[in-house]
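Asker: Have a look at this one before I ask anything.
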Amino acid sequence: MVTNGLCPNPHTYPQLPPISHYMLCALTLKTRASSPCVKHSTASHNTVHGGMMGLWMLLLLHLHLVVCVSLPAPSSVSISSFNMEHILGFLPDPRTPSNTHFTVQIIHPRKNSWRPVGGCLKLKAGQRCNLTRVFKDPYDQYQARVQAFTPTQTSNWTLSEWFQPLSDTVLGPPDVSVSGCGNCLILQLRAPTTRGIQQNIQLKYLYREVIFHVQRTRDGAQFKLKLPYNEENAITYLQTGVEYCVTVSVTGLFNSNPVSSKPYCAFTSPPPPRSSLYLVFGLLGAFGVLGLLLVASFVYCSHLTPKLLRRHLPRILSYILLQGQNHGNALPELSHQVSASQFCQLPQDCAWLTTTTEERLRRGGGRLGTNTEIKNGRV
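Heads up, this note's numbering is the position in the sequence shown plus 1199, with the first residue counted as 1.
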């Protein structure tokens, strides 16, 4: 106890119970601010009483620096990888001061020592670290750790999970171009362009199998096809002149995390131009109209044929007889004996049958009258 503003006798100073870190911090701050014991012990540190209080002060200050002043460590340290590009990310603690920076180190089993990563020695909050170049062996395993620091303080290290590039990376789709070939599609595949040459080589030899998801645009019919990876692939037995859309994904020997591409669409053969379609439809319409006209004329003529035969057949026969007489040929023999009464409805219709050439010349004044003139009595 304190008596008359003086510290208690050190021989009668009670044994302190265990004090938590936070209580020690509070006690340290309070002691530094207002305790008269601090002044007395500082003035008489060569005495036994002052020496005891000096030891207590050193202990409290040490605990204050270690527990109360150390930086909070970052959290959520993880490594993500896409197409063999490896990125480390982390989250700073909300209590981290604004002037804090972060440093990154890596290790792998063959070397039991942590080594810093160039370009990631003084990161700011929100920045990420690219580990693609330091993870040189895709078959090896790696681990990373992150530490926060200021000019006067450092945090504890936060470790990531073990990472193997070959099995933990996510394979994105290759670059695709599609063209038609009649009843098939030709697909050209190429590994996506990345930042590093070594990364491109690793991707090229990492692909093992390609998966095609084919869908017909017209009705949505679809199927899936798996083929060994080649830069040129053909999908056959498709309909000609039909549009298909294809999505592509690839898998690796030790990797089963593929990502499908966007749909690439093409016709198996070029579709006919619209002008030729209009021409075809126009021709079909014209032929249809012509066919209707022919049918109508046939129906109409089928009703007129008996009347026309009865009216014009005698004239046709007279023309045949006249031509035979003019050429001195015998009258053509008819295959059937037909009487004049079958052709003549009136007596004057058959008068031309008994008229000779001499009579026609005499009646026509030296001119051979026509059947019509003879029939009408003009000759």
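Built from N, CA and C at the ideal position, the CB exists for glycine as well.
Under a Cβ-count criterion, where at least 16 other Cβ atoms within 10 Å of its own Cβ denotes burial, should Ser1540 be classed as buried or exposed?
Answerer: Because Ser1540 carries a pLDDT of 48, less than 50, the predicted location of this residue cannot be relied on, and the following value inherits that uncertainty. Exposed.
Asker: Quick check on the DSSP output: the beta strand (DSSP E) that includes Ser1455 runs from which residue to which?
Answerer: Where Ser1455 is concerned, there is no enclosing beta strand (DSSP E), given that its DSSP letter is neither H nor E.
Asker: Quick one: which unbroken beta strand (DSSP E) runs of 3-plus residues sit fully inside the segment 1295 to 1350? Chain order, please.
Answerer: List check, beta strand (DSSP E) in window: 1300 to 1307, 1310 to 1315 and 1342 to 1348.
Asker: Quick one: Cα of Arg1344 to Cα of Gln1387, how far?
Answerer: Roughly 42 Å separates the two Cα atoms.
Asker: For Gln1352, which of helix, strand or coil comes out of DSSP?
Answerer: The answer is coil: DSSP assigns Gln1352 none of H, G, I, E or B.
Asker: When you compare only the Cα positions, how much space is there between Thr1446 and Tyr1463?
Answerer: Cα-Cα distance, rounded: 6 Å.
Asker: Please report how far the alpha carbon of Asn1311 lies from the alpha carbon of Thr1416, in whole angstroms.
Answerer: Answer to the nearest angstrom: the Cα atoms are 57 Å apart.
Asker: Would the segment 1314 to 1325 and the segment 1367 to 1380 be scored as touching if the rule is three or more Cβ pairs under 8 Å?
Answerer: With the cut-off at 8 Å, the segment 1314 to 1325 and the segment 1367 to 1380 do not touch.
Asker: Write down the C-beta distance between Thr1349 and Val1276 rounded to the nearest angstrom, noting that I regard them as a contact closer than 8 Å.
Answerer: With a Cβ gap of about 19 Å, Thr1349 and Val1276 do not count as contacting.
Asker: Once DSSP output is grouped into helix, strand and coil, what is the label at Leu1270?
Answerer: Coil.
Asker: Out of Thr1295, His1285 and Ile1286, which has the shortest C-alpha to C-alpha gap to Pro1271?
Answerer: It is Thr1295 whose Cα lies nearest to the Cα of Pro1271.
Asker: Locate the alpha helix (DSSP H) running through Leu1365, then write down its first and last residues.
Answerer: Run containing Leu1365: Pro1364 to Asp1367, per the alpha helix (DSSP H) assignment.
Asker: Can you name the residues that DSSP bridges to Lys1425?
Answerer: DSSP output for Lys1425 lists Ile1410 as bridge partner(s).
Asker: Which residue or residues does DSSP assign as beta-bridge partners of Gln1387?
Answerer: In the DSSP output, where bridge partners are listed per residue, Gln1387 has Ser1376 and Glu1431.
Asker: Pick out whichever of Gly1381, Pro1315 and Ala1347 has its Cα sitting closest to the Cα of Val1333.
Answerer: For the residues Gly1381, Pro1315 and Ala1347, the minimum Cα distance to Val1333 belongs to Pro1315.
Asker: Assuming Glu1284 is part of the beta strand (DSSP E), what are its boundary residues?
Answerer: Run containing Glu1284: Glu1284 to Leu1290, per the beta strand (DSSP E) assignment.
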